[in-house]
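Under our numbering, the first residue of the sequence shown carries the number 55, and numbering increases by one thereafter.
Comments concern the structure below.
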Amino acid sequence: DNKLLGKPADREEAIAMIKLLQGREHLVITGVCILHGEKVNCLYDETRVWFNELRDEEISFYVDRHNPFDKAGAYAIQEWIGVVGIKKIEGDFYNVMGLPVNRVYRELEKLI
Numbered sequence: 055d056n057k058l059l060g061k062p063a064d065r066e067e068a069i070a071m072i073k074l075l076q077g078r079e080h081l082v083i084t085g086v087c088i089l090h091g092e093k094v095n096c097l098y099d100e101t102r103v104w105f106n107e108l109r110d111e112e113i114s115f116y117v118d119r120h121n122p123f124d125k126a127g128a129y130a131i132q133e134w135i136g137v138v139g140i141k142k143i144e145g146d147f148y149n150v151m152g153l154p155v156n157r158v159y160r161e162l163e164k165l166i
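What follows is the structure, given as structure tokens:
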């Protein structure tokens, strides 16, 4: 749908975001810039995530008992919703958490 999902402002927006994501695939894109002396290397990584269908009670449980308000898309893959809500991913798990660790590591190795 080409929608950018930021951090939800309130409970209703968090529920709406998770309902939008459930039962379908979405793409997580994370950008990183590494500054080394005068050189700046910017990169990004993409991870495809597929959500299971979720019941309204499951979505409410997650939103009410976890903190979706500091997470883009209103979810953290490493939390409860990642266990029951994520069907599969293609790409770097840590990218979905917010930092494509494997990619950044490879770029940092080039600096040594």
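Just so it is clear, CB atoms sit at the ideal spot from N, CA and C, and this is done for glycine as well.
Tell me where the beta strand (DSSP E) around N95 begins and ends. K93 to F105
Residues that V82 bridges to, as DSSP identifies them: T101
Leaving out five residues on either side along the sequence, give the residues of the same chain with a beta carbon under 7 Å from the beta carbon of R102. E79, L81, I143, E144 and G145
C-beta contact flag for L108 and I72 at 8 Å: yes
For the segment 122 to 158, list the beta strand (DSSP E) runs that are entirely contained and at least 3 residues long, ordered along the chain. 140 to 144
Would you report the Cα separation of K57 and A68, rounded to the nearest angstrom? 15 Å
Which partner residues of L89 appear in the DSSP bridge assignment? V94
Kindly indicate the opening and closing residues of the alpha helix (DSSP H) around R65. R65 to L75
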